[in-house]
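> If you scroll down you'll find the structure; I have some questions about it.
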Amino acid sequence: ALTHAISSQTVEIYLADGDMVEPVVAFYGDGVLNCLKNQKAMNLYGITSIEQHLKNSLLLDLKVLYCKEDMERFGLSEDSVVMDAEDIGGETNAHVVLFSEIQKEMEAADHLLFF
């Protein structure tokens, strides 16, 4: 999902004037566990982790949302998840929001991708 969101910016060159792609990536339910810092996927499994994809998303100013209720359910804080990409020059932060805010984003979307 993150790769699709990141690549959505490249399709803008094919859109008619005035059309825009505004991806929003939301993590809720067990999905918030994917956003933990200090993942060791490369060391343990030889694959990239969601952590780096999240940082790349924030570097490209994508809107990233984490469900507050689910973070609380798992005992997660903003310190335990990827909230920014300052270490690679990013200026956009992820946001911890109520599920109702995520629901509003889904209702306003023209297209939804679920993973």
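Letter by letter, the sequence shown follows residues -12 to 102 of the working numbering. Each residue gets a CB set at the ideal place from its N, CA and C atoms; glycine is no exception. Computed from a prediction, not measured in an experiment: that's the story for all the values here.
By the three-class DSSP mapping on this structure, what secondary structure does residue 104 have?
In the structure as shown, the chain starts at -12 and stops at 102, and residue 104 therefore has no counterpart that could be examined.
> Does the distance from the C-beta atom of residue 11 to that of residue 50 stay below 8 Å?
Against a cut-off of 8 Å, the Cβ pair of residue 50 and residue 11 comes out as a contact.
> State the Cα-Cα distance for the pair residue 7 and residue 48, rounded to the nearest angstrom.
One C-alpha to the other measures close to 14 Å.
> Would the beta-carbon of residue 18 fall within 8 Å of that of residue 42?
No.
> Let me check one thing: in DSSP terms, what residues is residue 82 bridge-paired to?
In the DSSP output, where bridge partners are listed per residue, residue 82 has 52.
> Are the beta-carbon atoms of residue 52 and residue 88 separated by less than 8 Å?
Contact: yes.
> Within a Cβ cutoff of 7 Å, which residues of the same chain sit near residue 65, ignoring the five residues on either side of it in sequence?
83, listed in sequence order.
> Assuming residue 93 and residue 100 make a contact with CB atoms under 8 Å, what is their CB distance in whole Å?
Contact flag wrong, Cβ pair sits at about 11 Å.
> Quick one: what's got a C-beta closer than 6 Å to residue 36's C-beta in the same chain, skipping five residues either side?
The residues are 26, 28.
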